[in-house]
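Accompanying notes for the structure given below.
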C-alpha cells in the first residue's frame, strides 16, 4: 500500500460526459502528479501540482483540467469525453517537487462507451 | 514521443536466472528511476539513480547509468516467479520535474 488513494476505482460513462477523478496523496506529500496509461500511448505524464500550484504540464488535453486543494488532495476533471479517453488514470505523490521517487495510487479505470 | 525506450519489449526466463532490461533516453536528465507494475495495478518504485551516479544496488537489483550513451540497465539476479511484471524506466529531465516513462519491458519468470 503506497498511501496514495484514488477514487473511484472504476468509472463507466458515455461520450460527451464529464467526470472527476479524486486523489489523496500520502500524508505530508506536497506534490501530486497525474498520469494516463493506455495501450496505444503508454504511460503519459499529464500534470503536476506542488502545494496547490501547478508546477509542470505534459500533453494534457484542453478538455482536461486539474487542481490541488488546500488539504492537498487533487482532482482531475475530464470533459467532453471521447472513446479514446478510456484509460487507466494514476495519481502519484512525492514529498518534494522533483528529484525523488513517486508513490503511485492504484489508479482509476475509465471506460468511455 | 516518449523519452525512454526499453529493450527488450518482452523477456521470458526460468526462475533462478538473471534478467537484464535496458533503457535508452534522448535528453540530459536529473535522475532515472525504475518502476514495476503488476498487471494493471499501480506502479511501485524500485530504484532511483542520479545523473552523477554510475551504479546502484538494492537487494537483488542492480542499476547502471551511462550518461554518455544515454542508457541505463536494470539487472534482477536470481529471479523469482513473483518478479513477473512490467518494468518501466522513467527519466526526470534537467529542466522539468515531470517523469517521462518508457514503453516498458514485460518480464515473465517461469517457475
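Protein chains in written order, with my numbering: chain A, 243 to 355; chain B, 63 to 173. Cβ atoms here follow ideal geometry from the backbone N, Cα and C, with glycine treated the same way.
Check whether the Cβ atoms of residue 270 of chain A and residue 286 of chain A sit closer than 9 Å, and answer yes or no.
Cβ atoms of residue 270 of chain A and residue 286 of chain A: not closer than 9 Å.
DSSP on residue 69 of chain B, reduced to helix/strand/coil?
It is a strand residue.
Where does residue 322 of chain A land, buried or exposed, given buried means 16+ other C-beta within 10 angstroms?
When all chains shown are included, residue 322 of chain A counts as exposed.
Please confirm if residue 141 of chain B has its CB atom under 9 Å from at least one CB of chain A.
Not an interface residue.
In chain order, what residues of the same chain lie with their CB nearer than 7 Å to the CB of residue 339 of chain A, ignoring the 5 residues before and after it?
Excluding sequence neighbours, residue 339 of chain A sits near 273, 292 and 297.
In chain A, which residues lie with their C-beta within 7 Å of the C-beta of residue 162 of chain B?
Near residue 162 of chain B (Cβ distances below 7 Å), the residues of chain A are 287.
Taking Cβ-Cβ distances below 9 Å as the criterion, which residues of the stretch 290-315 of chain A are in contact with chain B?
Listed in sequence order: 290, 292, 297, 298, 299 and 300.
Quick check on residue 267 of chain A - is its C-beta less than 9 Å from some C-beta in chain B?
False, the Cβ-Cβ gap to chain B never drops below 9 Å.
What residue range is occupied by the uninterrupted beta strand (DSSP E) comprising residue 101 of chain B?
Here residue 101 of chain B belongs to no beta strand (DSSP E), and DSSP marks it neither H nor E.
Please give me, in chain order, every unbroken run of the alpha helix (DSSP H) with length at least 4 that falls completely inside the stretch 256-288 of chain A.
With a minimum length of 4 residues, no continuous alpha helix (DSSP H) run stays inside the stretch 256-288 of chain A.
Skipping 5 residues on each side, what residues in its chain have a beta carbon closer than 6 Å to that of residue 254 of chain A?
Cβ within range, chain order: 353.
Return the CA-CA distance between residue 79 of chain B and residue 147 of chain B, expressed in angstroms with no decimal places.
Near 15 Å, if we compare the C-alpha coordinates of residue 147 of chain B and residue 79 of chain B.
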